[in-house]
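Step one of this worksheet: look at the structure below.
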Amino acid sequence: MSESRSSKQPAPSSENSIRVGIIRGEEDLFPEKLLAAINEKSRAEKLNIFADYLMIGGTLTNQACDYVVILDRVSHKLPFLRTILKNSALSGTHIINNPFNDGFYNPFFCLSLASNLGIKIPKTMLLPSRMHPEGTSSKTMRNIIFPLDWQSYFKSVGFPCWLKPALNKTYSENVFVSDNQEFFKVYDSSGNVAFMVQEHLETQDFYHAYYVAGSDVQIIQKSVLTAQSNKKNLSAKHRELMSKATKKLCQALGFEINKVDFAVKNDDLYVIDALNPVPIVEDAFSNEESFQQFVQMVAHLLISKAEEFAAKNKFKKVIQKPFDLIAVS
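Using the working numbering, you'd call the opening residue of the sequence shown number 37 and step up by one each time.
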């Protein structure tokens with residue numbers, strides 16, 4: 037994304053405004069544009085909503101939060117911050133995404149859920165970590181089969197394949213391997229990171245589907261191996277199937293923002309990665325229009341939640357349901 041998109045944050049409005057807070061991660065441009073979009077819309081439509089960056093220090097138990105809605109872009113990397121956001125939910129603040137859903141921040145489980153919902157996935161297997169996790173010993177690990185039946189695993193998934201982090205998104209590197217020698221070169225140096233090994237689908241049709249609750253799914257075509265946009269147009273059939281599958285999965289997970297990665301092979305649709313609730317967007321979109329569309333989608337979600345909570349006496353003590361898998365037909 038070019039720096040020409042940069043803009044200054046609007047000056048604060050009155051202290052009586054309904055406040056929307058953004059906890060930013062390592063991005064600068066996206067949260068800056070988002071603040072501007074929310075505040076410009078509020079001024080234009082006289083909504084009395086003001087968005088700014090939320091700053092956090094020491095926090096007391098049950099400390100009230102001044103924000104009606106918070107967009108969280110970094111607590112998946114900062115556990116103490118996730119705890120503070122759960123504390124804020126006790127005062128009625130609506131957090132996006134729901135911090136109580138952190139049990140779903142697990143790529144392997146999310147793929148299993150997709151399969152359970154009737155969405156195709158590549159052959160995928162979870163593996164124990166190469167080294168003992170911190171704070172464990174040989175006794176802790178005595179329930180793990182040793183030696184592992186590698187040949188059976190390779191036969192089940194096949195080569196080439198991908199090694200992907202299996203349990204969280206803080207370690208984000210996906211590695212493409214062509215044979216068992218390349219596999220062990222990566223696995224033997226992976227430390228205590230638990231990986232899943234996933235079948236590589238021989239196709240060039242890969243897509244990112246950006247889900248923001250209340251908006252149409254935004255679909256961008258990409259190449260997994262080169263990270264470049266492809267020029268082949270997505271058929272109306274596959275676009276509709278992808279949109280439905282994305283909504284079905286994200287609603288089941290209880291996410292209001294998420295990115296789901298798809299592949300199309302032999303006319304069949306596959307989810308290859310079901311979990312990215314904090315998608316990096318500054319370099320994800322190939323043009324200004326797509327970027328601005330995503331900014332407006334998120335701005336609309338935050339404003340609608342702020343208006344909704346304001347209408348319900350914004351600081352009622354309503355806790356977001358921690359693990360509510362909604363029924364999805």
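Every residue, glycine too, gets a C-beta built ideally from N, C-alpha and C.
Boundaries of the alpha helix (DSSP H) harbouring Tyr223: 216-223, taken from the DSSP string. Shown here for Ile58: same chain residues with a beta carbon closer than 6 Å to its own, the five before and five after excluded, namely Pro67, Tyr89, Leu107 in chain order. With contacts defined as CB atoms closer than 7 Å, Gly171 and Glu235 fail to qualify as a contacting pair. In terms of Cβ geometry, Cys146 and Ala310 form a close pair [threshold 7 Å].
Between Val56 and Ile85 the beta-carbon gap is near 6 Å, inside 8 Å, which marks them as a contact. Pairing Phe321 with Ile339, the inter-Cα distance amounts to about 23 Å.
For Lys341, the CB contacts under 6 Å within the same chain, skipping 5 residues up- and downstream, are Val105, His130 in chain order. The beta carbon of Phe190 is closer than 8 Å to those of Asn216, Phe219 in its chain, skipping five residues each way along the sequence.
Rounded to the nearest whole angstrom, the CA to CA distance from Phe116 to Thr95 is 10 Å.
Following the DSSP letters along the chain, one finds His244 inside the beta strand (DSSP E) bounded by residues 242-248.
Distance from Pro135 to Ala150 at the Cβ level is roughly 23 Å; contact not present, criterion being Cβ atoms closer than 8 Å. For Lys258, the uninterrupted beta strand (DSSP E) run begins and ends at 254-258, by DSSP. Under DSSP, the beta-bridge partners assigned to Phe298 are Tyr243, Val307. Pairing Ala347 with Leu203, the inter-Cα distance amounts to about 38 Å. Between Glu318 and Ile132, the beta carbon gap of about 19 Å keeps them out of contact (Cβ cut-off 8 Å).
For Gly139, the three-state secondary structure derived from DSSP is helix. Here Lys301 is near Leu237, since their CB atoms are less than 7 Å apart. Sequence-distant Cβ neighbours of Asp102 in its own chain, meaning closer than 7 Å and more than five residues away, are Arg55. Listed in chain order, the non-local C-beta contacts of Thr160 below 6 Å within the same chain comprise Leu147, Met232, Gln234, local neighbours out to five positions each way being set aside.
Taken in chain order, the complete alpha helix (DSSP H) segments of 4 or more residues contained in the stretch 46-90 are 65-81. CA-CA distance, Asp185 to Arg178, rounds to 16 Å.
Annotation for Gln287: the continuous alpha helix (DSSP H) segment containing it runs 272-289. In this structure, DSSP gives Lys156 an extended state, which the three-state scheme calls strand.
Comparing alpha carbon positions, the residue from His112, Ile74, Pro169 closest to Ser53 is Ile74.
In the structure shown, the three-state DSSP call for His168 is coil. Taking C-beta separations shorter than 7 Å and ignoring five residues to either side along the sequence, the partners of Tyr306 in its chain run Lys156, Ile157, Pro158, Leu237, Phe298, Ala299, following chain order.
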